[in-house]
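Each residue of the sequence shown is one higher than the one before, counting from 236 in the working numbering. First the structure, in the form of structure tokens, and then the observations on it.
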Amino acid sequence: MKILRSAKYKRMPWKNGKGETVEIAVFPPGASVETFDWRISMAMVAEDGPFSVFDGIDRTLSILTGDGMELTVEGHAPVLLKQASQPYAFPGDARTTATLTGGPISDLNVMTRRGRFTHRVRRVVSSGEMSVTPEADLTMVVVAKEARLGDLALSPLDALVLDKGEAPAVLHFETETTVFLIDITPAASA
Numbered sequence: 236m237k238i239l240r241s242a243k244y245k246r247m248p249w250k251n252g253k254g255e256t257v258e259i260a261v262f263p264p265g266a267s268v269e270t271f272d273w274r275i276s277m278a279m280v281a282e283d284g285p286f287s288v289f290d291g292i293d294r295t296l297s298i299l300t301g302d303g304m305e306l307t308v309e310g311h312a313p314v315l316l317k318q319a320s321q322p323y324a325f326p327g328d329a330r331t332t333a334t335l336t337g338g339p340i341s342d343l344n345v346m347t348r349r350g351r352f353t354h355r356v357r358r359v360v361s362s363g364e365m366s367v368t369p370e371a372d373l374t375m376v377v378v379a380k381e382a383r384l385g386d387l388a389l390s391p392l393d394a395l396v397l398d399k400g401e402a403p404a405v406l407h408f409e410t411e412t413t414v415f416l417i418d419i420t421p422a423a424s425a
């Protein structure tokens, strides 16, 4: 098990240059936005506009803060995403535009390269105690508020990385919080 501290996440410009992303984790380590096999990041979206296009990438987006946004993905009906919405999966190579519904938002973005890795993102609301058993080759847990892992304090947006076969991680929350469970698995054809 590894803890990734939000204070140490890497900041970089969006691929389209219109904002900033905060990289939580990337594989292979040090890969660029052009060469990653998988990537987990956060972004602040302050205005309406197009998303960056990522050829050969599958994406899943979740709203962390703010009122929400409507996503229009080429070939699909528009979707309204709010903090309480389930994560929304879409092809990263489809033209996508965002329309904010009430001011800036921040989001959690998970991307995997098609044919190399697959991913699943689940949004869970929990209070008290929550046990997370790694179900995939790599399971990442991102907590929206403060939490405890044994004697360790987790700050908002810190992440836990669990490998398949590891003992469950038992998280403790003082108040109700949103937890994002991210499973990443090598594709069968990789």
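The beta-carbon is built from N, C-alpha and C at its ideal position, and this holds for glycine as well.
Looking at C-beta atoms only, is the number of pairs between the stretch 269–279 and the stretch 343–358 that lie closer than 8 angstroms three or more?
At 8 angstroms Cβ cutoff, the stretches touch.
DSSP state of Ala278 mapped onto helix, strand, coil:
In the three-state scheme derived from DSSP, where H, G and I count as helix and E and B as strand, Ala278 is classed as strand.
Using the rule of at least 16 other Cβ atoms within 10 Å of the residue's Cβ for burial, across every protein chain shown, is Met247 buried or exposed?
Using a 10 angstroms sphere on the CB of Met247, the tally of other CB atoms stays under 16, which defines it as exposed.
Would you list the residues sitting across from Lys243 in a DSSP beta bridge?
Residue pairing of Lys243 in beta bridges, as defined by DSSP: absent, with no partner found.
Rounded straight-line distance, which links the Cα of Arg355 to that of Ala425:
Unreliable placement is indicated for Ala425, whose pLDDT of 46 sits below 50; the coordinate value is still reported in the next sentence. Cα-Cα distance, rounded: 17 angstroms.
With distances taken between CB atoms, is the gap from Leu306 to Leu299 smaller than 9 angstroms?
Against a cut-off of 9 angstroms, the Cβ pair of Leu299 and Leu306 comes out as no contact.
At what residue ranges does the stretch 384–409 contain a whole run of the alpha helix (DSSP H), taking only runs of 4 or more?
For the stretch 384–409, not one full-length alpha helix (DSSP H) segment reaches 4 residues or more.
DSSP has Asp293 in a bridge; who is on the other side?
In the DSSP assignment, Asp293 forms a beta bridge with Pro326 and Thr347.
Suppose you measure from the CA of Ile292 to the CA of Leu416; what does that come to, to the nearest Å?
Distance between the alpha carbons of Ile292 and Leu416: 20 angstroms.
For the candidate residues Met236, Phe325, Val359 and Gly265, whose alpha-carbon lies nearest to that of Thr353?
The candidate whose alpha carbon is nearest that of Thr353 is Phe325.
May I ask you to list the residues that DSSP assigns as paired with Thr420?
Paired residue(s): Thr353.
Enumerate in chain order the residues of its own chain whose CB-to-CB distance from Gly186 is below 6 angstroms, with the five nearest sequence positions on each side excluded.
In this structure the chain extends from 236 to 425, so residue 186 is not present and cannot be described.
Report all residues from its chain with a CB closer than 8 angstroms to the CB of Glu411; omit the five preceding and five following residues, and keep chain order.
The answer, listed in chain order, is Val360, Ser361 and Ser362.
Go ahead and label Asp386 buried or exposed: buried means 16 or more other beta carbons lie within 10 angstroms of its beta carbon, across all protein chains shown.
By the neighbour-count rule (16 or more Cβ atoms within 10 Å), Asp386 is not buried but exposed.
Under the rule that 16 or more other beta-carbon atoms within 10 Å means buried, what is Ile419, buried or exposed?
Looking at its Cβ environment, which holds 16 or more other Cβ atoms inside 10 Å, Ile419 is buried.
Please confirm whether Glu255 and Met279 have their CB atoms less than 9 angstroms apart.
It is a contact, given that the beta carbons lie within the stated cut-off.
With 16 as the cutoff for other CB atoms within 10 Å, does Thr270 come out buried or exposed?
Its Cβ having fewer than 16 others within 10 Å, Thr270 is exposed.
So for Ala425, helix, strand or coil by DSSP?
Since pLDDT at Ala425 reaches only 46, below the 50 mark, its modelled position is unreliable, and no value is offered.
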